[in-house]
Amino acid sequence: MTDEGSNDDVELEVRLAEQDEFEPPESFVEQANVTDAGIYEEFEENWPDCWEGAADLLSWDEDYETVLDDSNPPFYEWFTGGKLNASYNCIDRHLPERADEAALEWVGEPVEEDNRTITYEELHREVNEAAAVLRDLGVGEDDIVTLYMPMIPQLPIVMLACARIGAPHSVVFAGFSAEALATRMNAADSEYLVTCDGYYRRGDPLDHLEKTNTGLADVEHGVDTVVVDRLGSNGDDFGHDLADDQHDYDDLLADHEGATVEPVERDAEDMLFLMYTSGTTGQPKGVKHTTAGYLAWTAWTSQSVLDIKPEDTYFCAADIGWITGHSYIVYGPLALGTTSMMYEGTPDYPTRERLWEIIEAYEADQLYTAPTAIRSFMKWGEEYPERHDLSSLRLLGTVGEPINPRAWKWYYTHIGNEEAPIVDTWWQTETGGHMVTTLPGVNDMKPGSAGPALPGLDVQIVDTSGEAVEQGRAGYLTVQKPWPGMLRTLYNNDERFIEEYWAEYSDTDSDDPEDWVYFPEDGAKVDEDGYITVLGRVDDVINVSGHRLGTMEIESAIVGVEGVAEAAVVGGEHDLKGEAVYAYVILEEGYEGDDEMRAAIVEGVEDAIGPIARPEAVVFTPELPKTRSGKIMRRLLEDIANDEELGDTSTLQNPEIVEDIRGKSDD
Ligand code: 6R9
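FYI, UniProt numbering numbers position 92 of the sequence shown as 92, with every residue one higher than the one before it.
Listed below in structure tokens is the structure:
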């Protein structure tokens with residue numbers, strides 16, 4: 001029996017390894033929100049009015065007059081003349097039907113009793129009280145409120161309270177440094193901050209107010225600070241006293257118990273929030289999103305791509321401090337009136353079963369996470385998910401970086417049991433929501449390729465002169481027409497907005513929208529079916545002897561070698577080749593980082609891409625330097641490869657690893 005079982009397993013692995021196209025499972029298609037393949041043609045013919053359907057997902061105080069105003073490119077405006085409120089759309093309008101249904105399922109750390117179910121009615125009450133608190137503090141319409149909190153319920157509650165009173169929020173990821181907080185508050189001229197005393201990480205209380213105060217010392221203007229009490233008496237040891245301009249959130253709430261605040265009517269194009277994201281140069285970019293276009297985009301993609309229905313329990317394992325959490329934990333799912341989960345902890349605390357326990361306990365319908373997490377799960381082994389009933393999962397999603405086919409297939413088999421389609425969603429902070437992905441009830445899936453552009457989008461892969469490249473050839477991803485969820489500008493910096501995203505492929509003197517092309521700075525290739533494989537940031541391109549090599553292609557080859565869990569490659573200066581490939585590799589448990597493994601990796605790369613991509617050095621490491629959103633900081637690995645002083649490590653989740661890798665590289 002056992003033997004037969006393992007034979008089956010082997011056969012399955014072999015079959016999957018060779019398969020490069022997967023039909024969406026029948027059981028999924030039968031119930032999917034979108035199943036008509038005609039949607040692509042229909043949207044193309046009807047552009048830009050095809051986006052009226054997305055706008056119809058929202059409740060408007062006043063109808064819009066124009067779908068798209070493109071009279072002043074690239075400053076496009078959507079649904080102009082319309083008025084609405086995002087908090088009303090995410091809460092109030094669901095009350096007649098869903099008051100007692102969960103809006104948020106919060107799974108906290110570290111004790112079970114910490115979990116909270118927040119119904120739409122409770123969310124309504126708490127958001128109203130929070131809005132009253134902010135108003136009382138002096139926050140007016142269009143004042144930017146900075147939020148510096150981890151994954152606690154008060155984060156989405158205060159975000160929605162801001163939206164209710166028309167005050168844009170600027171969420172700074174809680175793991176970011178004091179300096180990052182100060183830079184963002186200064187750049188946004190933000191005079192209000194909501195933070196917390198501390199939070200738990202792997203069961204231990206962590207002092208957050210200390211870091212907040214260090215940051216505040218570098219803010220150039222006065223700030224009123226509200227402090228949420230997350231730790232209770234577990235934070236006593238930190239010995240903080242609140243300063244005069246710092247207020248305890250619970251005290252303020254006590255003064256506003258049962259308060260209601262009318263949602264402010266916002267113009268479609270009024271700012272909903274700012275989100276700072278890193279650019280290639282030092283200063284972070286303040287990406288500005290507006291109310292109607294962003295909300296319509298996140299609601300429509302949540303429905304069409306994530307297949308969310310009101311009765312679902314939907315689990316996105318990202319952090320709200322990242323755009324994925326804004327769009328696909330808070331705004332999109334709540335606009336649809338579903339139950340959105342938020343998880344405070346890490347996937348391997350207290351055990352490597354944590355995520356699977358949660359999915360089983362809450363019977364989650366969707367799981368949306370990042371390839372980096374999937375590769376960790378793969379490295380830990382399938383015995384952890386296997387101990388749990390994951391059959392509630394109807395759809396799986398990935399976001400944040402390209403996913404290599406091996407990780408895709410592992411996810412498909414061991415988490416989805418071959419019954420849940422995977423959506424590999426390419427998008428950015430700047431795009432507001434999904435851009436390139438399959439529609440799970442319509443398209444076949446090709447592991448490693450995100451899929452076609454969504455209906456109504458004109459995505460083309462071009463060469464340096466802006467001409468479309470041949471199928472299969474690497475080029476630059478561009479978006480040739482505007483879309484509702486797009487960023488409107490970089491805050492207070494229209495010039496940089498044009499410089500960063502448009503100048504490369506546009507005629508910047510022209511008033512004709514046809515002459516304006518959005519450039520997200522990603523490399524990609526497209527196949528005969530219009531499926532786009534994103535190769536990575538174009539600053540991730542390595543130039544070896546005049547050949548452009550995508551780090552992603554090489555990494556994918558390395559990860560294809562048995563025993564390899566994860567890899568990052570960078571270009572190091574090389575006398576002969578210009579640049580040479582340096583590989584940093586994490587092995588699966590039970591494998592040795594020896595010469596044999598090194599040879600297998602070199603051979604794997606030569607086989608997949610050719611000798612040109614042969615790594616100059618292979619360094620084995622237990623971890624790679626990663627940002628909080630899970631992106632490998634290749635820049636730092638480059639510094640190591642080139643034996644240079646290390647650049648800024650402040651946004652790393654594991655800064656110690658960098659010196660560790662440097663030590664190994666010197667061996
Ligand atoms: C949502 C988010 C954006 C950059 C983007 C690209 C990379 C995101 C991807 C992907 C390949 C995917 N990226 N999703 N690359 N396949 N499915 O991640 O936003 O943090 O702004 O990063 O992430 O390089 O340009 P953001």
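Ideal Cβ positions, reconstructed from N, Cα and C, are used throughout, including at glycine.
Since we're looking at a predicted model, the values are computed, not measured.
When distances are taken from the beta-carbon of A174 to the heavy atoms of the ligand 6R9, even the shortest one reaches 7 Å or more.
By the Cβ-count criterion, E514 is exposed, with fewer than 16 other Cβ atoms from all chains shown falling within 10 Å of its own Cβ. Checking the 7 Å criterion, the Cβ of A102 is out of range of every heavy atom belonging to the ligand 6R9. A check of alpha carbon separations from P447 across A468, M341, T478, I532 identifies I532 as the nearest. Every unbroken stretch of the alpha helix (DSSP H) spanning 4 or more residues and falling wholly within the segment 150–216 is given here in chain order: 154–165, 178–188, 209–216. Each of E603, V538, V561 was checked against the Cα of R634, and the nearest Cα belongs to V538.
Taking a cut-off of 8 Å on C-beta distances, the segment 299–306 touches the segment 51–61, as three or more cross pairs fall below it.
As summarised for the segment 458–539, the continuous beta strand (DSSP E) elements at least 3 residues long and confined to that stretch are 459–462, 475–479, 522–526, 532–537, given in chain order. Residue range 371–380 is occupied by the alpha helix (DSSP H) that includes R375. For the segment 552–624, the continuous beta strand (DSSP E) assignments of 3+ residues that do not extend past its boundaries occur at 564–574, 578–587, 615–620, in sequence order. Taking the Cα of E45 as reference, the smallest distance to any Cα among A613, P74, L457 is reached at L457. Counting other Cβ atoms within 10 Å of its Cβ, V399 reaches 16 or more and is therefore classed as buried.
Taking 7 Å as the cut-off, the C-beta of D424 counts as close to a heavy atom of the ligand 6R9. Residue burial is scored here from C-beta neighbours: D241 has fewer than 16 other C-beta atoms within 10 angstroms and is therefore classed as exposed.
At a Cβ-Cβ threshold of 8 Å, G325 and Q366 do not count as neighbours. Inter-segment contact for the segment 477–492 and the segment 547–560 is absent: fewer than three beta-carbon pairs are separated by less than 8 Å. Fully enclosed beta strand (DSSP E) runs of no fewer than 3 residues occupy 224–228, 246–248 of the segment 222–250, in order along the chain.
Rounded to whole angstroms, T80 and S327 show a C-alpha spacing of 21 Å. Remark: C-beta atoms of P615 and N654 do not approach each other more closely than 8 Å. Taken through DSSP and simplified to helix, strand or coil, A103 comes out as strand. Under the criterion of beta carbons closer than 8 Å, W410 and I358 do not qualify as touching, at roughly 19 Å. Between the alpha carbons of H208 and D36 lies a gap of roughly 49 Å. The bridge partners DSSP lists for Q283 come to none.
CA-to-CA, the gap between Y199 and L336 works out to about 30 Å. Using a cutoff of 7 Å, the CB of G400 counts as near the ligand 6R9, since one of the ligand's heavy atoms is closer than that. Taking a C-beta distance under 8 Å as the contact criterion, V570 and A641 qualify as a contact pair. Under the three-pair Cβ rule at 8 Å, the segment 115–124 does not count as touching the segment 342–360. When the Cα atoms are used, T66 and S556 turn out to be separated by approximately 45 Å.
Taking C-alpha positions only, T195 is separated from D63 by approximately 36 Å.
The beta-carbon distance between G451 and T464, rounded to whole angstroms, is 25 Å. This is too long to meet the 8 Å contact definition. The segment 174–186 and the segment 643–658 touch, with no fewer than 3 CB-CB distances between them shorter than 8 Å. The closest CA to that of V227, considering only T214, P205, L252, is found on L252.
Within the same chain, T146, V219 come within 6 Å of M185 by CB-CB distance, once the 5 residues on both sides are set aside.
A direct Cα-to-Cα measurement between L95 and S87 gives close to 12 Å.
Check the Cα spacing between P455 and each of G466, N443, S449, I461: the tightest is with N443. Take the alpha-carbon of G381 and the one of A217: they are about 46 Å apart.
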